[in-house]
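Step one of this worksheet: look at the structure below.
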Amino acid sequence: MSLYKLITPKKFVELVAKETTRRVVPVDSTWYMPNLNKDAKAEFLNVERIPHAVYFDIDEIKDTKSPYPHMVPDLDTFNKGMSKLGLKENDILVVYDRIGNFSAPRCAWTIGLFEHPNVYLLNNFNLYKEAGYPLDTSKKENFSEYSTSDYKAGYSLGIDEVVPYENMISLVQSGDIRSKYNVVDARALDRFEGKVPEPRPEIPSGHVPGANPLPFNEILNQKTKAFPESAEEMATCIDQVTKKLGYTIDPKKPTIAMCGTGVTGTIIKTALEHAGFKMVRLYDGSWTEWALRSNPELIAKNRD
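Taking numbering that gives the first Met the number 0, the leading residue of the sequence shown gets 0, the next gets one more, and so forth.
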């Protein structure tokens with residue numbers, strides 16, 4: 000079950016207009032791959048944002064002890080990050096990114112992990128702009144207009160939602176990975192097959208043995224990067240992509256989603272849950288952790 004709901008730009012604007020007892024806070028979580036050399040935080044301050052948005056930095060509100068990028072934060076780090084942004088437990092949070100749907104699913108999932116009761120994923124910013132809804136283009140000096148709060152999440156669902164490396168390596172070494180799970184990787188097919196380099200030069204390309212590719216770009220609208228609106232459309236899209244790639248996802252098995260660093264894996268996790276899949280977890284360390292921790296013989300190149 001998804002920890003957040005999709006919301007269209009129209010429904011979001013209607014929600015802002017009708018809600019009178021709680022704050023509806025847009026949460027900009029734009030993040031770029033490091034090889035693009037773009038500064039999402041500077042863009043938030045100097046270019047544009049949805050009015051009254053705060054900026055949630057997935058590279059700051061993370062597990063600071065992990066050597067891997069933006070892993071799930073502990074409870075204290077999350078609470079401090081949310082408090083710094085001035086967010087409250089009863090806020091209605093609507094997460095977006097200025098790419099479309101790229102890093103926003105990761106942010107929405109992270110917030111949902113800590114049982115924030117009302118989290119939405121805007122589907123999406125490109126459609127919001129296209130519809131002519133309000134934008135704030137003034138220069139900002141801070142990542143939030145709200146006063147510091149005392150946010151107190153009491154629990155993390157990480158144990159239920161996150162697959163650790165130790166579980167993944169056990170599944171691969173036992174040979175049970177495909178018999179017991181669907182494992183889908185959101186990276187581009189050429190990266191999955193080891194034909195092109197990874198964006199991080201220290202990491203070899205390839206894939207976890209037993210995984211199948213589900214490139215996230217193929218399940219989003221090519222122009223807007225939006226998810227199909229209905230569950231039926233989403234299920235049809237996933238079915239078409241997997242058949243083209245020569246496999247099917249068994250809905251009776253639990254599914255593990257992954258990617259390069261745990262960001263786009265949440266895109267396909269969102270898609271699968273939107274399509275009706277019930278048991279979808281994220282391998283948070285994803286390919287970066289696997290490639291750096293596993294023996295070279297556990298880096299697959301060919302599709303088996």
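Don't be surprised by glycine CBs; every beta carbon is placed ideally from N, CA and C.
None of the values given here were measured: they were computed from a predicted structure.
Rounded to the nearest whole angstrom, the CA to CA distance from P253 to T147 is 40 Å.
Restricting attention to E232, A185, T235 and C236, the CA atom closest to the CA of V262 is found in A185.
According to DSSP, residue pairing for D135 in a beta bridge involves R48. According to the DSSP assignment, I158 belongs to the alpha helix (DSSP H) that extends over G157 to E160. For L170, same chain residues with a beta-carbon under 6 Å away, outside a window of 5 residues either side, are I176 in chain order. Inside the stretch 21-70, DSSP marks whole beta strand (DSSP E) runs of 3 or more residues at positions 23-27, from first to last along the chain. Three or more Cβ pairs closer than 8 Å define a contact, and the stretch 124-140 meets that threshold against the stretch 218-238.
In this chain, the beta strand (DSSP E) harbouring M257 covers T254 to M257. Bounds of the beta strand (DSSP E) holding N181 are N181 to D184.
Rounded to the nearest whole angstrom, the C-alpha separation of P8 and G131 is 10 Å. Straight-line measurement puts the Cα of K17 at about 42 Å from the Cα of K64. Under the Cβ criterion (8 Å, minimum of three pairs), the stretch 17-29 counts as touching the stretch 82-100. Ranked by how close their Cα comes to the Cα of G193, the residues K61, V71 and W286 have W286 in first place. The straight-line gap separating the alpha-carbon atoms of W289 and E231 is approximately 33 Å. Two segments are said to touch when three or more pairs of C-beta atoms, one from each, lie closer than 8 Å; by this definition the stretch 241-251 does not touch the stretch 145-160. Here DSSP, grouped into helix, strand and coil, assigns H206 to strand.
For V279, the beta-bridge partners assigned by DSSP are T254. Boundaries of the beta strand (DSSP E) around I91: I91 to Y95. Assigned with DSSP and collapsed to three states, P212 falls in strand. Contact between the stretch 108-122 and the stretch 66-77 is established, with three or more Cβ pairs separated by less than 8 Å. Taking all protein chains shown into account, T29 has 16 or more neighbouring C-beta atoms within 10 Å of its C-beta and is therefore buried.
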